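Everything below concerns the one structure shown next.
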Ligand code: 13P
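Residue numbers (our numbering): 168 to 419.
Right, here's the structure in full:
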């Protein structure tokens, strides 16, 4: 089943990047040749300030452009927030929701994440829904329970392989250089596949399941070859085209 799923390597630039960083995007577009594009999809989620500029550069043809968050509403009195409609208008084709940094820094729980995913779908965009356990939860053996609860609470009814991507990002592995073992990743991804298949049938069985957390060129091949891992959500190593291409090379 997994062999039929085209992998996606997506870069989450977080709060990094000024206009001049378009040179990295250009280098990525130049290095992402037809051969690689046939094997793996590619996306960059820059800060919202760069979405329009980046979407102009790529035309969303080779490297797709996504956003990192959106508000649950389409418009209104929400100073500083951006709606899914706005980032779609700027050129985004996907939006990350429920990243652990949003869950932690902005107190976003599963209900909010679910509402955001629905707001993403209302604009016909793809929702990249993030889940992941903290270090404390892992140490107390709660990982699979936490992941199951986050999937049940954050993924709305109506999720399909086309409108939804799930990213497993263990909180303790983000930006730390630490990664779970291949066996640990395999256990979590098998559990997610199981849960999503139960909830969404064939759609859940073919939905892309990304791994995120300290992915870099040197560990990409091992992590991307784990069963039910259909790509990566990359933070720090997505900022440099050479590193990002080095991660995608796992699929060459
Ligand atoms: P790092 O790759 O920097 O660990 O970040 C992962 C992440 O949070 C992607 O969303």
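From the three backbone atoms N, C-alpha and C, an ideal C-beta is built for every residue, glycine too.
As the structure is a computational prediction, the values presented were derived from the model and not from experiment.
#1: List the DSSP bridge partners of residue 238.
#2: If you count every other CB in all the chains shown that lies within 10 Å of the CB of residue 389, and 16 or more means buried, which is it?
#3: Starting from the Cα of residue 298, find the closest Cα among 253, 264, 209, 397 and give me that residue.
#4: Just how far apart, CA to CA, sit residue 411 and residue 262?
#5: Is it true that the CB of residue 239 sits closer than 7 Å to the CB of residue 286?
#6: For residue 252, which residues from the same chain have a beta carbon less than 6 Å from its beta carbon, with the 5 sequence-adjacent residues on both sides left out?
#7: Would you kindly report the start and end of the unbroken beta strand (DSSP E) that includes residue 332?
#8: Determine the burial state of residue 406: buried for a count of at least 16 other Cβ atoms within 10 Å of its Cβ, exposed for fewer.
#9: Check the DSSP bridge columns for residue 261 and list the partner residues they point to.
#10: Count the other CB atoms, across all protein chains shown, that sit within 10 Å of the CB of residue 245; report buried if there are 16 or more and exposed otherwise.
#11: Could you compute how far the alpha carbon of residue 294 sits from the alpha carbon of residue 255?
Working from what's here:
#1: 250
#2: exposed
#3: 264
#4: 19 Å
#5: yes
#6: Cβ neighbours of residue 252 within its own chain (closer than 6 Å, five residues either side excluded): 241, 290.
#7: 331 to 335
#8: buried
#9: Residue 261 pairs with 233, 293.
#10: When all chains shown are included, residue 245 counts as exposed.
#11: For residue 294 and residue 255, the distance between alpha carbons rounds to 12 Å.
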